[in-house]
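Residue numbers (our numbering): 198 to 406. Notes follow once the structure below has been shown.
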């Protein structure tokens, strides 16, 4: 069965190129030229990947993400103009990650810590039984650290494992990303810091929870 890709972009000429190239790689492609239509199509079908432009008519990319409840954040991004070969390579990489993750999570896997529960199969997180909504990358980061409890990772190692790419962020961006995740999973009841900073090295998941 072909992997299904939804392209939402108002640049019709670009959409023609993307559709042609994706189909040549054996993807099943659906194209929409505004955010509102794209949201309707997304709600009616199952897609393995959504290619979403930010500057869209009717409803922009940020609103599509928010209203659909995708909680995607951005698994990856490209600035225009971009090389078609790079775009296809990124798509194939994301599809591989999607396939591997789904094959590994058919069985129900739950990580339990003091005040924190991570349902890996449903990609859901709970603090004191209250669900916390994370972006896709926030979940990936939390799961990566929690599944390696106590092990210290440098910022470069975190980026390489979570973003599945060579390190290209500066340290401030990683620090900002970790800070946002910490705020979302802050446990006021138990006063627990699940993600600890190891000064001069990087981060680890708290070994004592």
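For each residue, glycine too, the CB sits at the ideal point set by N, CA and C. Just so we're clear, the structure is a prediction, and the values are computed from it rather than from any experiment.
If the five residues before and after residue 384 are omitted, its C-beta is found closer than 6 Å to the C-beta atoms of 312 and 324, all from its own chain and listed in chain order.
DSSP lists no bridge partner for residue 251. In this structure, residue 339 and residue 317 do not form a Cβ contact; the two beta carbons are roughly 10 Å apart against a cut-off of 8 Å. The beta carbons of residue 352 and residue 382 sit no closer together than 7 Å.
Of the candidates 346, 226 and 282, 226 places its Cα closest to the Cα of residue 201. A distance of 7 Å or more separates the beta carbons of residue 349 and residue 397. Annotation: residue 402 is outside any alpha helix (DSSP H); the continuous beta strand (DSSP E) that includes it extends over 399 to 402. In the DSSP secondary-structure assignment, residue 351 is bridged to 399.
One thing to note: residue 378 has its Cβ within 7 Å of the Cβ of residue 335. Spanning the alpha carbons of residue 291 and residue 320 requires a straight line of approximately 17 Å.
Less than 7 Å divides the Cβ of residue 204 from the Cβ of residue 215. One thing to note: residue 406 has its Cβ within 7 Å of the Cβ of residue 310. Residues of the same chain with a CB within less than 8 Å of the CB of residue 404, apart from the 5 flanking positions on each side, are 346 and 347 in chain order. DSSP places residue 320 in the coil class of the three-state scheme, outside both helix and strand.
In the DSSP assignment, residue 339 falls within the alpha helix (DSSP H) that extends over 333 to 343.
The beta carbon of residue 220 sits closer than 6 Å to the beta carbons of 226 from its chain, once the five residues preceding and following it are set aside; these are given in chain order.
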